[in-house]
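> Can you keep this structure in mind? I'll have questions shortly.
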Amino acid sequence: MKPLESTKKLKEILKNYYQELYEASKDDDQKVAWCSSIGPAEILVAAGFKVYFPENHGALIGVRRLATKYITRANSLGYSPDICSYLTSDIGAYLLKETPLKDAYGIPEIPKPDILVYSTNQCRELQDWFSFYSREFNVPSIGIFYPWKVDEIKKEHFDVIISQFKSLIKKLEEIIGKKFDYDKFKEVIKLSKEASILWRKFLESARNIPSPITFFDGTIQMAPIVMMRGLKSAKDYYEILLKEVEDRVKNNISAIKNEKIRFYWEGMPVWGKLRFFAELFESVNSNVVASTYCNSWIIDELSEDEPFESMAECYLKIFINRSENIKEKELLNMIQEYKVDAIIFHDAKTCPYNTNTRFGMPERMREKYGIKTLVIYGDLNDLRCFSEEQTKTLIETFAQSFEK
Ligand code: SF4
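In our numbering, the protein residues as written are 62 to 465.
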């Protein structure tokens, strides 16, 4: 796999981001908000908070393969091994007073929050996860409750979301001690949209054959669009990244040596096995060119002219929050646009919400649309649910079925 040069710059901006967050958590004049990964970050940034994302901390624990130890600690407090392993990894690390942020970015501890803000557009776990920290730090935990698993989006769906955004703003004003600046809000929305447009273009570069990037590049490069929405640093970084990828396209540079099969990845990454998967797919001359996961942060329909409405719509209509019917159509669309040969579904043991194998979808994609599918079993963080040997055999055998 050909590494992207821009990643060096990415490490720098992530380090700055975390150091600023940590300094803010130690400074009485600054405030820190924790936010769920697809929560209303733009409102928090516009209100003047530094924003921290516990899910990213969970993923970092996964990447560093520290999860088993931490999950066990959270289990002993009554958090089940069957619930989200981001949650159990993160809470376990907190209980053991450890964090991978120390080695990665020089931050000795997670930044303490002044408020916790989550959305229910993903799952129910975040509410319980943030409730734990609300009790620990004695700070408010506020949820934005969305209509769930929506089929057709209707205008009236937005009203209930927008009224919650406005109540949230009142609470933020109390904490930060100043009025919400609506002009700043529009600027933040614009920056978030611009970063998202660049993120989309980066992902869409994989429509080229051969693709200049892989899904595994996406899992690394997605950090700014998750954690820095509304900050100029995200937009600036994606300009650099996109330029590198456009140069690859111009020069017909492929991300892998010999791209013969193009896969789509449906579901969560297995964070502790990114390299294993990248090498395995390349070894069978295949590239994973697109994914639901990386696409979930394309929110480029934000509009500074209608900041509340457009935020409500973008965050309501994310893939994870749609009906099976809409999900099937979106998958079909992706398969056609990226000229994909088959879908790999990851059944992640502890995240039923980002797992789309359990209600017959792989079978329907095969029967209704003639798309080849393969289901592999694992987890986002809990590597006890994952077998390298079984997965290797499944993928190698599946790849052989494409040989002519
Ligand atoms: S969507 Fe899944 S992985 Fe993400 S926080 Fe919820 S349960 Fe955990």
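For every residue, glycine included, the Cβ atom is placed at its ideal position computed from N, Cα and C.
Please state whether DSSP places D278 in a helix, a strand or coil.
Helix, per DSSP.
> How would you call K163, buried or exposed, if buried means at least 16 neighbouring beta carbons within 10 angstroms?
The residue is exposed, with fewer than 16 neighbouring Cβ atoms inside 10 Å.
> Between which two residues does the beta strand (DSSP E) harbouring F324 extend?
Per DSSP, F324 belongs to the beta strand (DSSP E) from 322 to 327.
> Does at least one heavy atom of the ligand SF4 sit under 6 Å from the Cβ of N386?
Flag unset: Cβ of N386 not near the ligand SF4.
> Any idea if I168 is buried or exposed, counting beta-carbon neighbours within 10 angstroms, 16 or more meaning buried?
Buried: at least 16 other Cβ atoms inside 10 Å.
> With a threshold of 8 Å, are at least 3 pairs of Cβ atoms found where one atom belongs to the stretch 361 to 380 and the other to the stretch 400 to 408?
No, because fewer than three Cβ pairs between the stretch 361 to 380 and the stretch 400 to 408 fall closer than 8 Å, the two stretches do not touch.
> Please report the distance separating the alpha-carbon of F369 from that of I301.
The straight-line gap from Cα to Cα measures roughly 30 Å.
> With burial defined as no fewer than 16 other Cβ atoms inside 10 Å of the residue's Cβ, what is the status of N312: buried or exposed?
The residue in question, N312, is exposed, as its Cβ has fewer than 16 Cβ neighbours within 10 Å.
> Looking at the structure shown, is T160 part of a helix, part of a strand, or coil, going by DSSP?
Of the three classes helix, strand and coil, the one that applies to T160 here is coil, per DSSP.
> Which of the three DSSP states is assigned to K210 in this structure?
Here K210 sits in coil by DSSP.
> Hey, which unbroken runs of the alpha helix (DSSP H) at 4 residues or more fall wholly within the stretch 196 to 257?
Qualifying alpha helix (DSSP H) stretches, in chain order: 216 to 237.
> For I359, which residues of its own chain have a beta-carbon under 8 Å away from its beta-carbon, when the five flanking residues on both sides are left out?
S257, W260, R261, L264.
> Are S98 and V249 closer than 7 Å when you measure CB to CB?
Not closer than 7 Å, so no.
> Looking only at DSSP bridge pairs, what is W95 linked to?
Answer is Y113, L177, bridged to W95.
> Examine the ligand SF4 and report whether any of its heavy atoms sits within less than 6 Å of the Cβ of Y414.
Result yes, Cβ under 6 Å from the ligand SF4.
> Does the Cβ of I270 have 16 or more other Cβ atoms within 10 Å, making it buried, or fewer, making it exposed?
Counting Cβ neighbours within 10 Å, I270 comes out exposed, since fewer than 16 surround it.
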